[in-house]
Each structure stands twice: as structure tokens, then as C-alpha cells.
Amino acid sequence: MQEYVRFLFSCAPEEMEILSAALFSLDCAGITETALGAYEAFFAHEELTIAAVREFLHERAVRYTAEPVENRDWNAEWKKSFAPFYFTIETVVRPGWTPNTLSCKREIIIEPKMTFGTGTHESTQICGALLERHAHGARSLLDIGTGTGILPILAHKLGMRDITAFDTDPLSADNAPENFQLNHCADIKLFIGDIDALRAGFFADLVSINIIFSVTAPLLPLLKTMATQGIIFSGILAEERETFVALLEKQGMKLKEEITLHEWFGGIAVHA
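Quick note, the sequence shown lines up with residues 152 to 423 if you use the numbering used here.
Structure, rendered in C-alpha cells:
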């Protein structure tokens, strides 16, 4: 029987996206968040794997504890905790195996994969709320860092039909199309490639991006040229708001609307 090791650690929310991607690249079997806000990552008890994880966490200066645990299907355990929830005021997200019991205008079905979020993160919900409010009059969307494809699916349900989902992670090529099929929007185009590939001539009425400041900020000149109506953004810490807004203004853009949810800031920027 396969044995596992549980790594228990804490980190800032903005670091978790990068950490989780790296941990899954080291063959992580699953990651869960505890009730106290810490994280548990599970790995097969193999000497080389465990050594690599310890080295990675040490290099990132992440304090952790590690202990052997009983054999379980950690992905299945995580799925048990995924119940229908309000992604926005009007939209409910649910897994395919659970019927929706919440009142809503629309629902999105997601087949959860632990590599990507399911829409529970505040920064994703900020983008969802802004997309609902500003989709009217927009015909096309480019979503950068699509993951499960939740934002393109919402755009499709809001009436858009020219939608491109972009990600640098090849795993999105498996998960996003599955979710597009579940939501009857298989006509959404998915593009997997390097960030530089975006310079090949992508254009859309709206561009959405839910990625941390250090990634989004250098892309602003490019995003401005791609978005004919506006950029919907999130993944920016509230404490980074002033710096980010100044960068937008430097690009000749201004905030049309902004939302702060807990420590996260997002908004829609339009041409000034």
C-alpha cells in the first residue's frame, strides 16, 4: 500500500498560486486548506520526491512540518468539500455530481482539478462580478490565465460568442475543454503557449486577467493594445492598488469601476 507524507505550511495568499503550481510539478497528490488558513500538501512517500519537496520549501523560506499519513485518495477527499456556492450574486458554481439547490440566474458546472481553482478565491470572484456588470455590449473576450475556464464560461453564458481562453499551463488543455463541454460552450477557443505568444495579435473587446501584480504589471502595455473596450483585472493586493493604478494611468487608462474584497483589489480599466 502506498504511503504518503503530509507537509503542513503557511504562506501569504498571493504566494499560494506559485507555490501550488511548483508543488504539483513535484508530483503532489493534492493540496487542501485547513480551517486555520494553513495548507496541507500530500506526496507519495518516495525518498527522492520528499527530498525535492523539502529542498524547494527550504529555498522559498517556507516553514513547514512533515509527517507520514495513512493511504487515502487525496483528490477524492478534496472533492468531497466542493459544494455549490455563489460565484457572483447571479451565478452559482457547482460540481457535476451535485444538484444545485441555490436560487440563481445561471449556473456553471466545474469538474474540479486540484491544480486549478474552482472560483472560490476572492480575486476570481472579483473578476466574475465585473464581467457580469460589463459584458453588455461586448462581443469578444480574451481571458489570460484561464485555468478551469470559469471566466470564459461565464462570458459565454452572458451572451458573448467570440471567446478565447489562454494559459501557459498545459494542464489547462485537459481541464478547461472538459468544463466547456459540461456547460455547452465548446465553441470557446483555447490557446496554450508562452506569454510572448500573446504578442501574435490577440484582440478582444474585453481582456480579463486574474494574476498577481508582478506578472500583470509588465503586461499592461500589451493588454492595452489588445483590449478595445477594457481590461478586467484582479489578483492585485489592496496594498498594491496605488502603484497599479499609477501604472494604468501611465498607459493612458483609467479605472471605470473597482472592487476590494478582503485583501484583494480588482477593477475594469478603460482607455482614458
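Glycine residues also receive a C-beta, built at the ideal position from the N, C-alpha and C atoms.
Residues near residue i in its chain [Cβ-Cβ closer than 6 Å; skip 5 each side]
{"i": "Ser359", "result": "Cys278, Asp294, Leu302 and Ile383"}
{"i": "Glu409", "result": "Gly418"}
Beta bridge counterpart(s) of residue i as assigned by DSSP
{"i": "Gly279", "result": "DSSP, once it has assigned bridges, lists no residue as partnering Gly279."}
{"i": "Phe317", "result": "Ile295 and Phe342"}
{"i": "Leu388", "result": "Trp415"}
{"i": "Met404", "result": "His422"}
{"i": "Glu393", "result": "Its beta-bridge partners do not exist; DSSP assigns none."}
{"i": "Ile360", "result": "Ile295 and Phe384"}
{"i": "Val156", "result": "Phe194 and Pro219"}
{"i": "Phe233", "result": "Its beta-bridge partners do not exist; DSSP assigns none."}
Rounded distance between the beta-carbons of residue j and residue i, thought under 8 Å
{"i": "Arg157", "j": "Ala217", "result": "7 Å"}
{"i": "Thr242", "j": "Leu305", "result": "6 Å"}
Residue nearest to residue i in terms of C-alpha spacing, selected from the options
{"i": "Asn334", "options": "Ser171, Ser161, Met167 and Val244", "result": "Val244"}
{"i": "Glu372", "options": "Phe364, Ala355, Gly403 and Asn361", "result": "Checking the displayed sequence, the identity of residue 372 turns out to be Pro instead of Glu. Ranking Phe364, Ala355, Gly403 and Asn361 by Cα distance to Pro372 puts Gly403 first."}
{"i": "Leu174", "options": "Leu208, Ser274 and Glu198", "result": "Leu208"}
{"i": "Leu398", "options": "Gln380, Leu412, Ser365 and Glu414", "result": "Ser365"}
{"i": "Gln380", "options": "Lys340, Ala337, Pro369 and Leu282", "result": "Leu282"}
{"i": "Leu412", "options": "Ala389, Glu198, Ala420 and Phe395", "result": "Ala389"}
{"i": "Ser274", "options": "Glu329, Tyr190, Asp318 and Ile363", "result": "Ile363"}
{"i": "Cys255", "options": "Phe354, Glu166, Ile240 and Pro164", "result": "Ile240"}
{"i": "Thr185", "options": "Ser161, Asn326 and Glu414", "result": "Ser161"}
Contacts around residue i, its chain only, beta-carbon distance under 7 Å, and the 5 residues preceding and following it disregarded
{"i": "Thr102", "result": "Given that the chain is displayed from residue 152 to residue 423, the structure contains no residue 102 and the question cannot be resolved."}
{"i": "His287", "result": "none"}
{"i": "Asn251", "result": "Pro235, Val243, Arg245 and Glu258"}
{"i": "Asp238", "result": "According to the sequence shown, residue 238 is Phe rather than Asp. The answer, listed in chain order, is Val244, Ile259, Gly270, Gln276 and Gly279."}
Under the three-state DSSP convention, the category residue i falls into
{"i": "Asn326", "result": "helix"}
{"i": "Arg350", "result": "helix"}
{"i": "Pro219", "result": "strand"}
{"i": "Ala172", "result": "helix"}
{"i": "Phe207", "result": "helix"}
{"i": "Thr379", "result": "strand"}
{"i": "Ile301", "result": "helix"}
Cβ neighbours of residue i in the same chain (closer than 8 Å, five flanking residues each side left out)
{"i": "Ala423", "result": "Glu400, Gly403, Met404 and Lys405"}
{"i": "Asp178", "result": "Phe194, Ala195 and Thr200"}
The ligand NAP heavy atom lying under 7 Å from the CB of residue i
{"i": "Thr315", "result": "Within the structure as shown, the ligand NAP is missing, as the structure has no ligands at all."}
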